[in-house]
Each structure stands twice: as C-alpha cells, then as structure tokens.
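First the structure, in the form of structure tokens, and then the observations on it.
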Amino acid sequence: MDGTNEQLGIIPRAIEELFRQASMDASSSFTFSMSMLEVYMGHVRDLLSPRQSCRTHEPLTKCNLNIQTDPKGLVEIEGLSEVQISESAKARWWYNKGKRFRSTSWTNVNQASSRSH
Numbered sequence: 047m048d049g050t051n052e053q054l055g056i057i058p059r060a061i062e063e064l065f066r067q068a069s070m071d072a073s074s075s076f077t078f079s080m081s082m083l084e085v086y087m088g089h090v091r092d093l094l095s096p097r098q099s100c101r102t103h104e105p106l107t108k109c110n111l112n113i114q115t116d117p118k119g120l121v122e123i124e125g126l127s128e129v130q131i132s133e134s135a136k137a138r139w140w141y142n143k144g145k146r147f148r149s150t151s152w153t154n155v156n157q158a159s160s161r162s163h
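See the structure below:
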C-alpha cells in the first residue's frame with residue numbers, strides 16, 4: 047500500500063495524482079479534507095484524533111465512533127476528525143501520522159502487519 051521511497055505504493059501515488067489533477071484545472075478551485083479511521087475488533091477508531099490511543103485511560107469518544115446513515119443513504123462517522131489539506135506533502139504527513147496509530151502486530155509474513163481493515 048505504501049511502497050518504498052524508490053517505488054511508491056498506491057496510497058502515495060493516489061495522493062500525488064489527486065493534487066496533480068487539481069492543479070491542471072486553473073478554472074476551478076478545490077478544497078480537500080482528509081479523515082483516517084480503522085475498524086478493529088468491532089470498534090471504529092479515529093486515527094487523526096489528538097486522543098489517539100484507545101489503550102490508555104482516555105475518553106472512548108474517539109475510540110468507538112458511531113457509524114450513521116443519513117436519509118439520502120450517505121454514511122457518516124459521528125465525531126470523526128477531518129483535517130484540511132492544501133498540498134500533497136501535507137496529506138502525506140497526516141497519512142503517516144495516522145498510520146502510526148493503527149493496530150499492528152508482527153506476523154510470519156510481515157513484521158508490521160496491520161490488524162485492522
């Protein structure tokens with residue numbers, strides 16, 4: 047998903063392409079925002095929240111978010127953090143920050159395997 051510095055993965059490529067496409071249309075203005083969550087063991091966690099760790103004694107408001115569907119059928123995660131991003135470097139910074147808080151564990155296949163989906 048992430049790739050390496052020499053061979054970028056799908057996520058860094060998608061971020062770069064999003065901003066590349068937006069910069070090509072001078073007649074329009076774009077605003078991007080980003081959220082990052084993890085579903086692990088039946089709980090939805092906000093990975094960009096200042097209260098990152100559900101393993102501490104912090105309030106559970108950011109550790110077990112509610113998934114809602116509005117009357118139009120759109121899905122909303124109640125209380126999920128959203129950050130404004132204006133360039134690909136900032137999007138990668140936020141992505142890397144959120145990635146550090148994913149639930150991971152060593153496996154025989156991958157030493158940093160994600161335990162969430």
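If you count the sequence shown from 1, position 72 lands on 118 in the numbering used here, and the numbers rise without skipping.
Just so it is clear, CB atoms sit at the ideal spot from N, CA and C, and this is done for glycine as well.
Being a predicted model, the structure only gives us computed values, none of them experimental.
Exercise. Evaluate residue 60 with the Cβ neighbour count: other Cβ atoms within 10 Å of its Cβ, from every protein chain shown; 16 or more gives buried, anything less gives exposed.
Key: Label assigned to residue 60: exposed.
Quiz item: Going by beta carbon distance, what residues of the same chain come within less than 7 Å of residue 115, once the five residues before and after it are set aside?
Solution: Once the five neighbours on either side are set aside, the close Cβ partners of residue 115 are 121.
Quiz item: residue 123 and residue 83: beta carbons closer than 8 Å?
Solution: Yes, Cβ-Cβ distance for residue 123 and residue 83 is below 8 Å.
Practice problem: Could you round the C-beta distance between residue 57 and residue 71 to whole angstroms and report it? I think they count as a contact, below 8 Å. | Solution: With a Cβ gap of about 23 Å, residue 57 and residue 71 do not count as contacting.
Exercise. Rounded to whole angstroms, what's the CA-CA distance from residue 103 to residue 137? Just pull it up for me.
Key: For residue 103, the pLDDT reaches just 47, beneath the cut-off of 50, and the residue's location in the model is therefore unreliable, although a value from the coordinates is still provided. Going by the C-alpha atoms only, they are around 29 Å apart.
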